[in-house]
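To keep things clear, I will list the structure first and then write my remarks on it.
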Amino acid sequence: MAHLPHLIIDLAIILGAAAITTLLFKWLKQPLVLGYILAGVLVGPKFSLFPTISDPETIRIWADIGVIVLLFSLGLEFNIKKLVKIGGTAAMTGVYEISAMILLGYLTGLCLGWSTMDSIFLGGIVCISSTTIIIRAFDELGVRTQKFAGMVFGILVIEDIVAVLLLVLLSTLAISKQFFSPDMLFAIMRLAFFLTIWFLAGIFLVPSFLRSSRKFITDETLLIIALALCLLMVVIATNVGFSPALGAFIMGSILAGTPYAERIEDLLTSIKDLFGAVFFVSVGMLIEPGGLIEYAGPIALITLVVLAGKAVNVTLGALVVGQPLKQSLQTGMSLAQIGEFSFIIATLGKNLHVTSDFLYPIAVAVSALTAFTTPYMIRASGPLYTWLDRKLPARTKLFLSNYSSGAQSISSVSDWYQLLREHIQIIIVNTVVILGIILMTSRWLLPLVHEKLTGASWAETLAGFLSFVLMAPFLWALVLKRINQPVYTRLWTERRSYRGPLVTLAVTRTLIGLGLILLLLQQFFSVSILLFFLVVAAGIWLVFGKRLPLIYDLIENRFLLNLNARQIHQETRMGRNLLPWDAHLSYFEVTAESPGVGFTLAELALREKYGVNVISIARGSLTVLVPNPNERFYPGDKIAVIGTDQQLEQFNQLIEPAPASQLRVTPAQEISLQKIAVDESFPFVGLTIRESRIREKTQGLIVGIERKGTRILNPDSTTFFYAGDVIWLAGNTKLIKEFQRENRLRNV
Numbered sequence: 001m002a003h004l005p006h007l008i009i010d011l012a013i014i015l016g017a018a019a020i021t022t023l024l025f026k027w028l029k030q031p032l033v034l035g036y037i038l039a040g041v042l043v044g045p046k047f048s049l050f051p052t053i054s055d056p057e058t059i060r061i062w063a064d065i066g067v068i069v070l071l072f073s074l075g076l077e078f079n080i081k082k083l084v085k086i087g088g089t090a091a092m093t094g095v096y097e098i099s100a101m102i103l104l105g106y107l108t109g110l111c112l113g114w115s116t117m118d119s120i121f122l123g124g125i126v127c128i129s130s131t132t133i134i135i136r137a138f139d140e141l142g143v144r145t146q147k148f149a150g151m152v153f154g155i156l157v158i159e160d161i162v163a164v165l166l167l168v169l170l171s172t173l174a175i176s177k178q179f180f181s182p183d184m185l186f187a188i189m190r191l192a193f194f195l196t197i198w199f200l201a202g203i204f205l206v207p208s209f210l211r212s213s214r215k216f217i218t219d220e221t222l223l224i225i226a227l228a229l230c231l232l233m234v235v236i237a238t239n240v241g242f243s244p245a246l247g248a249f250i251m252g253s254i255l256a257g258t259p260y261a262e263r264i265e266d267l268l269t270s271i272k273d274l275f276g277a278v279f280f281v282s283v284g285m286l287i288e289p290g291g292l293i294e295y296a297g298p299i300a301l302i303t304l305v306v307l308a309g310k311a312v313n314v315t316l317g318a319l320v321v322g323q324p325l326k327q328s329l330q331t332g333m334s335l336a337q338i339g340e341f342s343f344i345i346a347t348l349g350k351n352l353h354v355t356s357d358f359l360y361p362i363a364v365a366v367s368a369l370t371a372f373t374t375p376y377m378i379r380a381s382g383p384l385y386t387w388l389d390r391k392l393p394a395r396t397k398l399f400l401s402n403y404s405s406g407a408q409s410i411s412s413v414s415d416w417y418q419l420l421r422e423h424i425q426i427i428i429v430n431t432v433v434i435l436g437i438i439l440m441t442s443r444w445l446l447p448l449v450h451e452k453l454t455g456a457s458w459a460e461t462l463a464g465f466l467s468f469v470l471m472a473p474f475l476w477a478l479v480l481k482r483i484n485q486p487v488y489t490r491l492w493t494e495r496r497s498y499r500g501p502l503v504t505l506a507v508t509r510t511l512i513g514l515g516l517i518l519l520l521l522q523q524f525f526s527v528s529i530l531l532f533f534l535v536v537a538a539g540i541w542l543v544f545g546k547r548l549p550l551i552y553d554l555i556e557n558r559f560l561l562n563l564n565a566r567q568i569h570q571e572t573r574m575g576r577n578l579l580p581w582d583a584h585l586s587y588f589e590v591t592a593e594s595p596g597v598g599f600t601l602a603e604l605a606l607r608e609k610y611g612v613n614v615i616s617i618a619r620g621s622l623t624v625l626v627p628n629p630n631e632r633f634y635p636g637d638k639i640a641v642i643g644t645d646q647q648l649e650q651f652n653q654l655i656e657p658a659p660a661s662q663l664r665v666t667p668a669q670e671i672s673l674q675k676i677a678v679d680e681s682f683p684f685v686g687l688t689i690r691e692s693r694i695r696e697k698t699q700g701l702i703v704g705i706e707r708k709g710t711r712i713l714n715p716d717s718t719t720f721f722y723a724g725d726v727i728w729l730a731g732n733t734k735l736i737k738e739f740q741r742e743n744r745l746r747n748v
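Take the sequence shown: its position 184, counting from 1, is numbered 184 in UniProt numbering, and each next residue is one higher.
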């Protein structure tokens, strides 16, 4: 009989144990992550009642691949535009909560008598909640469509980003052994620089490559290309000195802005589940059951710190930024757990040999306990609010209500804020690009020129001129590009006192440009040829100076096209899908003068009067998907509406009395129209739209049904589903795809 490699035997043991435990935890309606961890304990070296794996190091390599795949798939959910849309409310709450929990975890470690490094890593472990556990709990409790859920998901985005940055900072801290040190400051600056370079270059190059290869892309080639790009960025990040997980997350975020993001997510699901299972099983393998009993006291204390600390700090943070008491409390109690990122941070400390052996199993035990309590914490938020509402003095409740209303009022953006923001943006972007060009040519191009032109005395000069040619368009934009000229002119003529700061902005841009030119000269040119270079560079500038704006505009337009590629693709696809209905998705902004402001959707009767469907209402940092009939229109609301040109023209008169040509239309963001074919295996055949609860499960609205050649537009909630129907469902793209995937799995 042929001898099987240990790797195959170990995988058989791991996946077999994982299969049994996950079936058990599925039956118990508990998170599958806990089942994987239990499987790891059973097949690990610390537990001898079951077959034990023979080569833990190989399994650990597979677990590292699992971390890369998990971070890559996480990045696919967070493109740049989505990060910008998170909003100040969730961002400030998340930053406050993370800062408070890091401090609280650090102090808890010191109180337990742990070392400084153990305490610092404990702070990182307890500050990150579990996206997987929260989504599972929301689905089981049916609260995913409630208003506070949007706040929770926004904070989770901030936590995931901070967790990736923590991996870098904790790695630097483990090496330097000093928290406030020049090495840490340099690491932060280097991280910011490389993140900017990677995102700018990635968004410019990757979507362009995919667009040029679209004729040859199939599901198979797309999966191979995506994984190749992921691993390429992992290699680059590692060579520069960052963690592989950061590289995987960055490439995922870059691909998230392409039209292929959803296909890549679907293709990656099975791979992510497989390697994710191996990772979580490897987490359980490092747990020593006897050690959990020995450290029962610290486990209980840290569990209480996580439950109480996160609930209190998130609630306080949400109240400070102006959220109502009920939503703040619901948000805080939903985030009271730790999860998969805590394992990764604990693994980092163990691999770097800077934390004690007991920290890792303690983190896993706390995660398991808080995962079990999460559904009960969410359920308890309602009764706790009712109790607080009865106990709080009337003056306190009035203050909280007035503070919340004032904080969420619509604020206008001043001309100075707008102008300064655009100046800072163009200064940072172009400065980073120019520095990246100088770095690339000095570190890579110059050695290559020396190698090819051995002994040539003018190798530095050639590399320097190439650098100058490459950076010239960006140097022009940094120094000479006019930014928001109408606002600039208005401020210049409004007050004479404004002219000094405006001139200072222009001088600052010029000085930064001169500093970058001096840096280029210092890198490549000696004093003897400096004057010659300046004369030649001035000649090039005079000859090609007029073309530099055109070159920069081409680069900028291509970048913006790639940045918005996913939205453009969704808008085009939606227009194509809706062609049979002669309808499309448009966005409108409610003004203070709108005739419909202050009325509920039921009072306006939009479907009955105009035939349109309101899919979402964006209000500040919150977005209400498929709003209920009692939702009102308020000034500043941005609403997404589906209808035909004629219907939208009539509806526009209700929102903004203006010609139809002035309809405010923007690309679709997080919603889209999906087509679902109904066959005999469809779980809701014979049920009405209301009985199917599709609206609650997908945050979607059924806007049409095709049945035997007949089109039913805006079907009533009492309409039945029949085999052969084609359903047009508008709403949250991700939830609709999950709904379709669950139905396919249910039918297998």
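Beta carbons: idealized from backbone N, C-alpha and C, even for Gly.
Classification of residue i by the beta-carbon crowding that lies within 10 angstroms, buried from 16 upward
| i | result |
| --- | --- |
| Pro5 | exposed |
| Tyr36 | buried |
| Thr695 | What sits at residue 695 in the sequence shown is Arg, not Thr. With 16 or more other Cβ atoms within 10 Å, it is buried. |
| Trp416 | exposed |
| Ala237 | buried |
| Tyr376 | exposed |
| Leu511 | exposed |
| Tyr722 | exposed |
| Met117 | buried |
| Ala18 | buried |
| Met151 | buried |
| Gly27 | What sits at residue 27 in the sequence shown is Trp, not Gly. Trp27 is exposed by the Cβ-count criterion. |
Start-to-end residues for the alpha helix (DSSP H) that takes in residue i
| i | result |
| --- | --- |
| Lys272 | Ala261 to Met285 |
| Val234 | Asp219 to Val240 |
| Glu422 | Asp415 to Met440 |
| Glu691 | Ile689 to Ser692 |
| Glu680 | Segment: none, Glu680 is in no alpha helix (DSSP H) and carries neither H nor E. |
| Ile551 | Leu548 to Leu563 |
| Gly75 | Pro56 to Gly75 |
| Arg509 | Arg499 to Phe524 |
| Lys638 | Run containing Lys638: none in the alpha helix (DSSP H); it sits in the beta strand (DSSP E), Lys638 to Thr644. |
| Val41 | Leu32 to Val43 |
Nearest candidate by alpha-carbon position, reference residue i, set the options
| i | options | result |
| --- | --- | --- |
| Gln523 | Ile299, Glu460, Leu223 and Thr510 | Glu460 |
| Phe121 | Leu173, Gly382, Thr131 and Glu97 | Leu173 |
| Gly464 | Trp492, Leu518, Glu422 and Leu419 | Leu518 |
| Ala368 | Val33, Leu191, Leu701 and Leu301 | Val33 |
| Lys272 | Pro31, Ile483 and Ser73 | Ser73 |
| Gln646 | Leu625, Lys675, Ser586 and Glu680 | Ser586 |
| Leu445 | Val432, Ser467 and Ser243 | Ser467 |
| Glu556 | Ile203, His423 and Leu49 | Ile203 |
| Glu649 | Thr303, Phe588 and Val312 | Phe588 |
| Leu392 | Phe343, Leu325, Ala380 and Gly332 | Leu325 |
| Pro486 | Ser497, Leu419 and Ile551 | Leu419 |
| Ala12 | Thr22, Val626 and Val43 | Val43 |
| Gly75 | Gly257, Asp219 and Phe633 | Gly257 |
Residue interval of the beta strand (DSSP E) (run including residue i)
| i | result |
| --- | --- |
| Leu301 | Run containing Leu301: none in the beta strand (DSSP E); it sits in the alpha helix (DSSP H), Ala296 to Val320. |
| Glu631 | Here Glu631 belongs to no beta strand (DSSP E), and DSSP marks it neither H nor E. |
Other residues of its chain near residue i: CB distance less than 6 Å, five sequence neighbours each side excluded
| i | result |
| --- | --- |
| Leu654 | Pro595 and Gly596 |
| Ala336 | Leu307, Lys310, Ala311 and Met377 |
| Leu112 | Pro298 |
| Ala91 | Ile158 |
Same chain only: Cβ atoms within 8 Å of residue i, ignoring 5 sequence neighbours per side
| i | result |
| --- | --- |
| Thr718 | Thr688, Ile689 and Arg690 |
| Ala137 | Ser334, Thr374, Pro375 and Ile378 |
| Leu735 | Arg144, Lys697, Thr698, Gln699 and Gly700 |
| Asp55 | His6, Leu7 and Asp10 |
| Leu713 | Trp581, Gly611, Val703 and Gly704 |
Cutoff 7 Å; reference residue i; Cβ partners in own chain excluding five residues on either side
| i | result |
| --- | --- |
| Ile338 | Ile125, Val126, Ile128, Ser129, Ser130, Val306, Val366, Ser367 and Thr370 |
| Leu222 | Tyr260, Arg263, Ile264 and Leu267 |
| Ser342 | Ile125, Ile128, Ala363 and Ser367 |
Are the segment 355-365 and the segment 272-289 touching by the rule of at least three beta carbon pairs closer than 8 Å? yes
Take every Cβ of the segment 465-474, pair it with every Cβ of the segment 488-504, and state whether three or more of those distances are shorter than 8 Å. no
May I ask you to verify whether the segment 610-621 touches the segment 697-715, counting CB pairs closer than 8 Å and requiring at least 3? yes
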